[in-house]
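J.: One structure is given below, represented as structure tokens, and several questions about it will come after.
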Amino acid sequence: MPVVTLTVNDELVSGQSGQSLLSLLKELGIEMPTLCHLEGLSDRGGCRLCMVELQGSKRLFAACVTPVQEGMVVYTHTERLNNYRRMILELLFAERNHVCAVCVQNGHCELQTQAAKNGMDSVRYDYLVPDLPMDASHERYVLDHNRCILCTRCVRVCDEIEGAHVWDLMGRGVNSRVIAGLNQPWGDSDSCTKCGKCVQVCPTGALTLRGSTVAEMEKQHDFLKWILTGREKKQWDYS
Amino acid sequence: MARKQTNPREDAAPAAPPSNGKIRLATVWMGGCSGCHMSFLDLDEKLLDLFAQADLVYSPIADLKEFPENVDVTLVEGAIANVDHVKLAKEIRERSKIVVSFGDCAVTGNVTSLRNRLQVDDLLTKVYHEGPGSVPHGDDDDIMPALLPRVIPLHQLIKVDAFIPGCPPDTDRIWTAVSALLAGQPVEFEPEMRLFG
Chain B
378 MPVVTLTVND ELVSGQSGQS LLSLLKELGI EMPTLCHLEG LSDRGGCRLC
428 MVELQGSKRL FAACVTPVQE GMVVYTHTER LNNYRRMILE LLFAERNHVC
478 AVCVQNGHCE LQTQAAKNGM DSVRYDYLVP DLPMDASHER YVLDHNRCIL
528 CTRCVRVCDE IEGAHVWDLM GRGVNSRVIA GLNQPWGDSD SCTKCGKCVQ
578 VCPTGALTLR GSTVAEMEKQ HDFLKWILTG REKKQWDYS
Chain Y
73 MARKQTNPRE DAAPAAPPSN GKIRLATVWM GGCSGCHMSF LDLDEKLLDL
123 FAQADLVYSP IADLKEFPEN VDVTLVEGAI ANVDHVKLAK EIRERSKIVV
173 SFGDCAVTGN VTSLRNRLQV DDLLTKVYHE GPGSVPHGDD DDIMPALLPR
223 VIPLHQLIKV DAFIPGCPPD TDRIWTAVSA LLAGQPVEFE PEMRLFG
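If you want it as structure tokens, here you go:
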């Protein structure tokens, strides 16, 4: 693949043509905040935390869905970007009922961690306090809409890795919901294989193991790399 | 959109000398479980260092009825949940140089705000009508303060100069914040000390 040269935070760097800007920034050791991105799944540019400034354009670009280009001039942590990142996190907290102290994923939550890392010390917006249900119809897992940030990692892993496509989105804007099947109780879904991949990739306490209580839930993403290495390179590491 | 929420008010002078040279410190218990105050007491021997530099002029552990004038630093535990909290919060703001949201309930509403999806009347029915005893209303009896329709974090009612997150904040966080305030510095936390929950 041809090499492209670009400037990141005033330093000349090179990347592979076709590579996403986010993957290059990660290779360079620049810590980029992300929530919807997960190594091994397709990117959708949904959470907007990985936004960067590109010289010559007023608009901001999500690095995960922006390919590297020759001559690009990129800034990753300007005051403007940091302010927007904080604003996004505050809006996520205001949109649903993220009460960390009583969440099953307290202490292991990517939303909680990103808020702390990006300097969110309070939420300046009114909390919407939506009256959202939980779906505890599945024999192994629980879906809590109160904690969902609509990152769609569950939708993508079920479709792209498991091949079942149980999950999808319904509605628009703040009324969007993750749904199982054609908006039926998860436990009634015939297509769900009960594999639990959706639970493991969920960044918050929205998808959890049944029976877990406050701060008990920890997620493992390792399986994604293992499956993809096996499928793509035929290397199955059983050690 | 830049704002300095972690910094004390620029016009505030935290080290302004009171008569005996000590900082006038207040701690307040609003809509919370008192866990933040328990964590405050867990400062243990650091409390001796603290009170070498500060006088506790109002606190649930000091039994003073009126919130005093000329307070340098006030730590507020708990969310704003009833009409008494609203009144006290406004007094605190008028009489304190620096107001600090102390713990997750003051900062976010947290557990206290879990009732926000219910109507206040339904809430009282659940707790009282369906339980033993009669229902306190608060509107007319002047005994029970009436509940607000919605619990809100402190900074949605009054201006707040610094935030100490945590449920409860551990002693390291409290000491980091308090020692900065005693020294007249802004409260700044490392990311891991800024985690909610």
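Going down the list, the protein sequences come from chains B and Y.
Residues in the first sequence are numbered from 378 upward in steps of one, following the working numbering.
Residues in the second sequence are numbered from 73 upward in steps of one, following the working numbering.
Glycine residues also receive a C-beta, built at the ideal position from the N, C-alpha and C atoms.
Output yes or no for whether 8 Å exceeds the beta carbon distance between L226(Y) and V143(Y).
T.: Contact: no.
J.: Considering only residues of the same chain and omitting the five flanking positions on each side of M428(B), which have a CB-CB separation below 8 Å?
T.: Counting only Cβ-Cβ distances below 8 Å, and skipping sequence neighbours, we find L437, F438, A439, A440, L458, Y461 and R462.
J.: Determine, using beta carbons only, whether H227(Y) comes closer than 8 Å to chain B.
T.: Answer yes: the Cβ-Cβ gap between H227(Y) and chain B drops below 8 Å somewhere.
J.: Fully enclosed by the segment 151 to 189 of chain Y, which beta strand (DSSP E) runs are 3 residues long or longer?
T.: Within the segment 151 to 189 of chain Y, the complete beta strand (DSSP E) runs of at least 3 residues are 152 to 154 and 168 to 174.
J.: Which parts of the segment 378 to 412 of chain B are runs of the beta strand (DSSP E), unbroken and 3 residues or longer, counting only runs that do not cross its ends?
T.: Those beta strand (DSSP E) runs which fall completely within the segment 378 to 412 of chain B and span 3+ residues are 380 to 385 and 388 to 393.
J.: What does S173(Y) reach in chain B if we use C-beta pairs closer than 8 Å?
T.: Near S173(Y) (Cβ distances below 8 Å), the residues of chain B are S499.
J.: What does a CB cutoff of less than 7 Å around T570(B) pick up in its chain, not counting 5 residues either side in sequence?
T.: Closer than 7 Å at the Cβ level, and outside the excluded window around T570(B), lie E539 and A541.
J.: Identify the continuous alpha helix (DSSP H) that holds V143(Y) and give its terminal residues.
T.: No alpha helix (DSSP H) contains V143(Y), which is instead part of the beta strand (DSSP E) from V143 to E149.
J.: Within the continuous beta strand (DSSP E) that includes Y130(Y), where are the two ends?
T.: It spans A126 to Y130 - the beta strand (DSSP E) in which Y130(Y) sits, taken as one unbroken run.
J.: Identify which residue in G103(Y), E163(Y) and S111(Y) has its Cα closest to the Cα of G238(Y).
T.: Out of G103(Y), E163(Y) and S111(Y), S111(Y) has the C-alpha closest to the C-alpha of G238(Y).
J.: I'd like to confirm the pairing. Which residues does DSSP put opposite M511(B) in its beta bridges?
T.: BP columns for M511(B) point to D521(B).
J.: Which bits of chain Y does K494(B) rub up against, with CB to CB less than 7 Å?
T.: Near K494(B) (Cβ distances below 7 Å), the residues of chain Y are P263.
J.: For D114(Y), report the span of its beta strand (DSSP E) as first-last.
T.: Segment: none, D114(Y) is in no beta strand (DSSP E) and carries neither H nor E.
J.: Starting from the beta carbon of R189(Y), find every residue of chain B whose beta carbon is closer than 7 Å, and list them in chain order.
T.: Those within 7 Å of R189(Y) in chain B are V506 and D508.
J.: For the alpha helix (DSSP H) containing T243(Y), list its first residue and its last residue.
T.: Unbroken alpha helix (DSSP H) run through T243(Y): T243 to L254.
J.: Beta carbons nearer than 9 Å to chain Y: which residues of the segment 392 to 403 of chain B have them?
T.: Answer in chain order: no residues at all.
J.: Would you mind stating whether T581(B) and Q482(B) have Cβ atoms separated by less than 8 Å?
T.: Their beta carbons are under 8 Å apart, which means T581(B) touches Q482(B) by this criterion.
J.: Thinking just about the alpha-carbon of each residue, which of A98(Y), L195(Y), S185(Y) and I236(Y) is nearest to the one in E141(Y)?
T.: Among A98(Y), L195(Y), S185(Y) and I236(Y), the Cα nearest to that of E141(Y) is on A98(Y).
J.: Near V543(B), which residues of its chain fall below 7 Å by C-beta distance, leaving aside the five closest residues on each side in sequence?
T.: Only C535, A557, G558, S566, S568 and C569 meet the Cβ criterion.
J.: Is the Cβ of R245(Y) closer than 8 Å to any Cβ of chain B?
T.: With 8 Å as the cut-off, R245(Y) does not count as an interface residue toward chain B.
J.: By the criterion of Cβ-Cβ separation under 8 Å, what are the contact partners of N483(B) in chain Y?
T.: Going along chain Y in sequence order, the residues near N483(B) (Cβ under 8 Å) are G269.
J.: Report, in whole angstroms, the separation of the C-beta atoms of L509(B) and P444(B), which I expect to be a contact under 8 Å.
T.: Not quite, the Cβ-Cβ distance comes to about 37 Å (not below 8 Å), so this is no contact.
J.: Taking DSSP as the reference, what is the three-state secondary structure of D329(B)?
T.: Limits of chain B in this structure are 378 at one end and 616 at the other, which puts residue 329(B) out of reach.
J.: Going along chain Y, which residues have a C-beta under 9 Å from C480(B)?
T.: Correct list: G269.
J.: Residues of chain Y with a CB under 9 Å from the CB of C575(B): which are they?
T.: Per Cβ cutoff of 9 Å: no residues; C575(B) is ~23 Å from chain Y at best.
J.: Any beta carbon from chain B within less than 8 Å of F235(Y)'s own beta carbon?
T.: Interface residue, yes.
J.: The alpha helix (DSSP H) that contains A492(B), what's its start and end?
T.: Unbroken alpha helix (DSSP H) run through A492(B): E487 to K494.
J.: Check each candidate in Q393(B), R530(B) and V385(B) and name the one with the smallest Cα separation from A583(B).
T.: Per the Cα distances, R530(B).
J.: By the criterion of Cβ-Cβ separation under 9 Å, what are the contact partners of D135(Y) in chain B?
T.: Here the premise fails: no neighbours, minimum Cβ distance about 28 Å.
J.: Answer yes if the segment 116 to 133 of chain Y comes into contact with the segment 227 to 235 of chain Y, meaning at least three C-beta pairs across the two stretches below 8 Å, and no otherwise.
T.: No: fewer than three Cβ pairs fall under 8 Å.
J.: So the alpha helix (DSSP H) Y502(B) belongs to, where does it begin and stop?
T.: Careful: Y502(B) lies outside any alpha helix (DSSP H) and carries neither H nor E.
J.: Can the beta-carbon of I164(Y) be found less than 8 Å from the beta-carbon of V250(Y)?
T.: Contact: no.
J.: Helix or strand or just coil, what does DSSP make of G564(B)?
T.: The answer is helix: DSSP assigns G564(B) an H, G or I state.
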